[in-house]
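Enquirer: One structure, pasted below without further comment.
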Amino acid sequence: MELPVISNTAESGGGGCSSHSCGSTADQLNQIPDEILQKVFNHPCYSEDAHHHFARMHVAVAPACNIQCNYCNRKYDCANESRPGVVSELLTPDQAAKKTLVVASEIPQMSVLGIAGPGDPLANPERTFATFQMLSEHAPDIKLCVSTNGLMLPQSVDEIAKHNIDHVTITINCVDPDVGAKIYPWIFWNNKRIKGREGAAILIEQQQKGLEACIAKGVLVKVNSVMIPGVNDEHLKEVSRVVKSKGAFLHNVMPLIAEAEHGTYYGLTGQRGPTQDELQALQDACAGDMNMMRHCRQCRADAVGLLGEDRGAEFTLDKIAEYELDLEGAAARRAEVRDRIAAELEEKRNAKAAAPAPKLVALDMSGLATKEALRPVKMAVATSGGGVINQHFGHAKEFLVYEASEKGVRFLGHRKTDLYCSGGDTCGDADTTLQQTVKTLEGCEVVLCSKIGYEPWGMLEEAGIAPNGEHAMEGIEDAVMAVYAEMAAAGKLVAPVEAPAQSAA
Amino acid sequence: MALEINDLCVNCWACEPLCPNKAIYSASPHFEIDPDKCTECAGDFADAQCAAICPIEGAIVDELGDALNPPGSLTGIPLQLLMEAAGALEGTAAKVSSS
Ligand code: SF4
Ligand code: SF4
Ligand code: SF4
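And the structure:
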């Protein structure tokens, strides 16, 4: 029996971004004011559409920090902004500005420069702002952004507004000092180290003041939170409410990553990170109405390139020092690329808007014998962009996870894998890495990809995940919905998976 | 009367701008304090500034070699766990050298 796919006009808001490949349904994006949409449109960290086209880089100019987080070991980079255990090469502001200009000459898609550590950029104001100063002067088209723990934010807002930095990211893990005392053992404040609850209270106050001051100055604020199970997981819902009510335009929840070998408090005391499902449930609760930031990949502080790739190794200090800059030529190339991409994205959006079948599809239930509600199903998709299923399972560096339900298809987030096969002599470890990949897909019932090898096929099936290569080159939402309809028709969706099956006899 | 930085220092630059006497300088393999300039902040601040911001336990010591921030005092990691972690590291090193 065929399940017809009907449109669900009630939910298509019209106008704005109606592109579902950007992972946000129209009504979700409609909550964000137009001017902010414009600002984030070209920002690879915020928009699924943009991140396939535009590039960003970070420079490591700010080594010092003024607080301690229990998930951070200061032998490594700021754990708020990169994966733990990463060490970035420290640059002087001169080197950093030159590096940015060189990269922006070589990669004309370069549109965003961020300073995010290795410590706290605002604990190193001279170095941070000197870098921004040089860049505003020599490449005013490049967007600047800065990340901070927030302690020195109120004092820095004027300087931030002066340098025309339009994106600030604050890591806010709590708004309650009792919770904060379990996350921050100390802060450095007014020439003293202040420990425990008292320090956390000051940090929280500064973060909130800084957030308010940025909003008042028209500076865009994104809030990051680290989800620490048993410490702030429930509390983050409150954090989300507070920061959004004050005007943060995005709240992004990231998982705690804690391993004993990182030597952090959480790592050594056995504090666990959240499971994929716990993280997704909290992201749903916090960010359910604005989910663009599910595209955040926790990249390292000196990353260079498109999201998910790092071309940093190409730009050595020697190469940068020797490089002859042609500022005007490079700016012209960037402008050309920007216009072309903008036109392409626009065309794609128009094509989607004009398409006869709206993308948000729902199932017509009338044909089904049963009246019982269908349970939602998570599916992972391998794609290299363009909103279609076009990637080989083994080549996927990450999977996009969608949830299909009677209401339609919803983008949930990314799951990163380490490539299990790069085709070379690294294949020796294939087994364990493949197992890891399968593990990252926990909770998904189907994997959609263009092709898949024999071995991963078997392992996925064993793990209860159905591999599916039948929808290669099809649009993601349509394919997910088609598979969901097949599952419904096969009677696989009637009983909730968790609930014990009732005796049918 | 002067403090000293030892090889636990991770070169994070946090202390350098705080010193009222410009006694701290970047050096290789780690930051150093000029003993002629360091006053342990007497007369300027209640706490020695470098030791008040340094995130690394044990990296700043007094003339007797005693750490201003002894193990566990900043991170709150129980000594037992710190010792086990250090032991685990030594264990790997030993394994590597004996092979
Ligand atoms: S703010 Fe960043 S660098 Fe500072 S302690 Fe926290 S994670 Fe580490
Ligand atoms: S104790 Fe004070 S004077 Fe001495 S090096 Fe540290 S900051 Fe400078
Ligand atoms: S604050 Fe501590 S770790 Fe950082 S540079 Fe100074 S002595 Fe070294």
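Chains A and B, in that order, are what the protein sequence lines are.
Position 90, counted from 1, in the first sequence is what this note's numbering calls 90; the numbers after and before it change by one each time, with no gaps.
Position 59, counted from 1, in the second sequence is what this note's numbering calls 59; the numbers after and before it change by one each time, with no gaps.
Glycine included, every Cβ here is placed at the ideal spot set by N, Cα and C.
The structure displayed is predicted, hence computed values, not measured ones.
From the DSSP secondary-structure annotation, give me the bridge partner or partners of Ala-281 of chain A.
Expert: DSSP, once it has assigned bridges, lists no residue as partnering Ala-281 of chain A.
Enquirer: What do you get for Arg-340 of chain A, buried or exposed, if any count of 16 or more other CB atoms within 10 angstroms of its CB means buried?
Expert: Exposed, since its Cβ has fewer than 16 Cβ neighbours within 10 Å.
Enquirer: Output the boundary residues of the alpha helix (DSSP H) element that contains Pro-125 of chain A.
Expert: That run of the alpha helix (DSSP H) goes 125-138.
Enquirer: Spell out whether any CB of chain A is found under 8 Å from the CB atom of Ala-14 of chain B.
Expert: Yes, Ala-14 of chain B counts as interfacial toward chain A.
Enquirer: Examine the Cβ distances between the region 165-179 of chain A and the region 52-62 of chain A and report whether three or more of them are shorter than 8 Å.
Expert: Short answer: they don't touch.
Enquirer: Which class does Ile-476 of chain A belong to by DSSP, given the choice of helix, strand or coil?
Expert: In the structure shown, Ile-476 of chain A sits in a helix (DSSP, three-state: H, G or I).
Enquirer: Determine the contact status of Pro-121 of chain A and Ala-213 of chain A, defining contact as a CB-CB distance below 8 Å.
Expert: Contact flag unset, no.
Enquirer: Quick one: which residues of the region 48-67 of chain B get their C-beta closer than 7 Å to a C-beta of chain A? List them in chain order.
Expert: Within the region 48-67 of chain B, the residues whose Cβ lies closer than 7 Å to some Cβ of chain A are Gln-49, Ala-52, Ile-53, Pro-55 and Ile-56, listed in chain order.
Enquirer: Leaving out five residues before and five after Trp-457 of chain A in sequence, what residues of the same chain have Cβ atoms less than 6 Å from its Cβ?
Expert: Closer than 6 Å at Cβ, skipping near neighbours: Pro-467.
Enquirer: For Glu-4 of chain B and chain A, any beta-carbon pair shorter than 8 Å?
Expert: Closer than 8 Å: no.
Enquirer: Are Ala-62 of chain A and Cys-69 of chain A touching if we call contact CB-CB under 8 Å?
Expert: The answer is no: Cβ separation not under 8 Å.
Enquirer: State yes or no: is the beta carbon of Leu-74 of chain B nearer than 8 Å to at least one beta carbon in chain A?
Expert: Chain A contact via Cβ: present.
Enquirer: Does any C-beta atom of chain B lie closer than 8 Å to the C-beta of Gln-276 of chain A?
Expert: Gln-276 of chain A does not count as touching chain B.
Enquirer: Over what stretch of residues does the alpha helix (DSSP H) that includes Leu-317 of chain A continue unbroken?
Expert: Looking at the DSSP string, the run of the alpha helix (DSSP H) that includes Leu-317 of chain A is 317-322.
Enquirer: I'd like to know whether the C-beta of Pro-185 of chain A is nearer than 8 Å to at least one C-beta of chain B.
Expert: Yes, Pro-185 of chain A counts as interfacial toward chain B.
Enquirer: Note the first and the last residue of the continuous beta strand (DSSP E) segment covering Ile-170 of chain A.
Expert: That run of the beta strand (DSSP E) goes 167-171.
Enquirer: At a cut-off of 7 Å, is Ile-53 of chain B close to ligand 3 when judged by its beta-carbon and the heavy atoms of the ligand?
Expert: Yes, the Cβ of Ile-53 of chain B comes within 7 Å of a heavy atom of ligand 3.
Enquirer: Locate the alpha helix (DSSP H) running through Met-459 of chain A, then write down its first and last residues.
Expert: Residues 454-462.
Enquirer: According to the neighbour-count rule (16 or more other Cβ atoms, all chains shown, within 10 Å of its Cβ), is Glu-63 of chain B buried or exposed?
Expert: When all chains shown are included, Glu-63 of chain B counts as exposed.
Enquirer: Helix, strand or coil: which one does DSSP assign to His-471 of chain A?
Expert: Correct three-state label for His-471 of chain A: coil.
Enquirer: Quick check: is any heavy atom of ligand 2 less than 7 Å from the C-beta of Leu-18 of chain B?
Expert: Answer for Leu-18 of chain B: yes, Cβ within range of ligand 2.
Enquirer: Would you say Phe-31 of chain B touches ligand 3, meaning its beta carbon is less than 7 Å from a heavy atom?
Expert: Within the cutoff, so yes.
Enquirer: Counting only the same chain and skipping the five closest in sequence on each side, list residues whose C-beta sits under 6 Å from that of Ala-488 of chain A.
Expert: Leu-374.
Enquirer: With a cut-off of 8 Å on the beta carbons, I'd call Ala-380 of chain A and Leu-441 of chain A a contact; round off their distance for me.
Expert: Yes, Ala-380 of chain A and Leu-441 of chain A are in contact; Cβ-Cβ is about 5 Å, under 8 Å.
Enquirer: Would the beta-carbon of Asp-277 of chain A be found less than 7 Å away from any heavy atom of ligand 1?
Expert: Not under cutoff, so the answer is no.
Enquirer: Let me know if Lys-98 of chain A comes out buried or exposed under the rule of 16 or more other beta-carbons within 10 Å of its beta-carbon.
Expert: The residue in question, Lys-98 of chain A, is buried, as its Cβ has 16 or more Cβ neighbours within 10 Å.
Enquirer: What are the start and end residues of each continuous alpha helix (DSSP H) run of 4 or more residues lying completely inside the region 41-84 of chain B, in chain order?
Expert: Here the runs fully enclosed are 49-53.
Enquirer: Quick check on Leu-79 of chain B - is its C-beta less than 8 Å from some C-beta in chain A?
Expert: No, Leu-79 of chain B does not count as interfacial toward chain A.
Enquirer: Go through its chain and collect everything with a Cβ distance to Leu-135 of chain A's Cβ below 7 Å, but skip five positions before and after it.
Expert: So the qualifying residues of the chain are Ala-97, Thr-100, Leu-113, Ile-142 and Leu-144.
Enquirer: Just tell me which of A:Val-483, A:Lys-439, A:Glu-259 and A:His-395 has its CA closest to the CA of Gly-408 of chain A.
Expert: If we check each option's Cα against that of Gly-408 of chain A, A:Val-483 comes out closest.
Enquirer: Taking Thr-269 of chain A as the query, report the chain B residues whose CB atoms sit under 8 Å from its CB, ordered along the chain.
Expert: Here the neighbours are Ile-77, Pro-78 and Leu-81.
Enquirer: Looking at the unbroken alpha helix (DSSP H) that takes in Gly-210 of chain A, where does it start and where does it end?
Expert: Gly-210 of chain A -> alpha helix (DSSP H) spans 196-216.
Enquirer: Below 8 Å on the Cβ atoms is my contact criterion, and I expect Ala-116 of chain A with Ala-139 of chain A to pass it. Report the Cβ-Cβ distance as a whole number of Å.
Expert: Not a contact, Cβ separation roughly 19 Å.
Enquirer: Which residues of chain A have a Cβ atom closer than 9 Å to the Cβ of Phe-31 of chain B, listed in chain order?
Expert: Near Phe-31 of chain B there are no residues of chain A at all, since even the closest Cβ is about 11 Å away, more than 9 Å.
Enquirer: According to DSSP, is Tyr-266 of chain A part of a helix, a strand, or is it coil?
Expert: Here Tyr-266 of chain A sits in helix by DSSP.
Enquirer: Short of 8 Å Cβ to Cβ, which residues in the region 174-201 of chain A face chain B?
Expert: Those residues of the region 174-201 of chain A that come within reach of chain B (Cβ to Cβ, closer than 8 Å) are Pro-185, Trp-186, Phe-188, Asn-191, Lys-192 and Arg-193.
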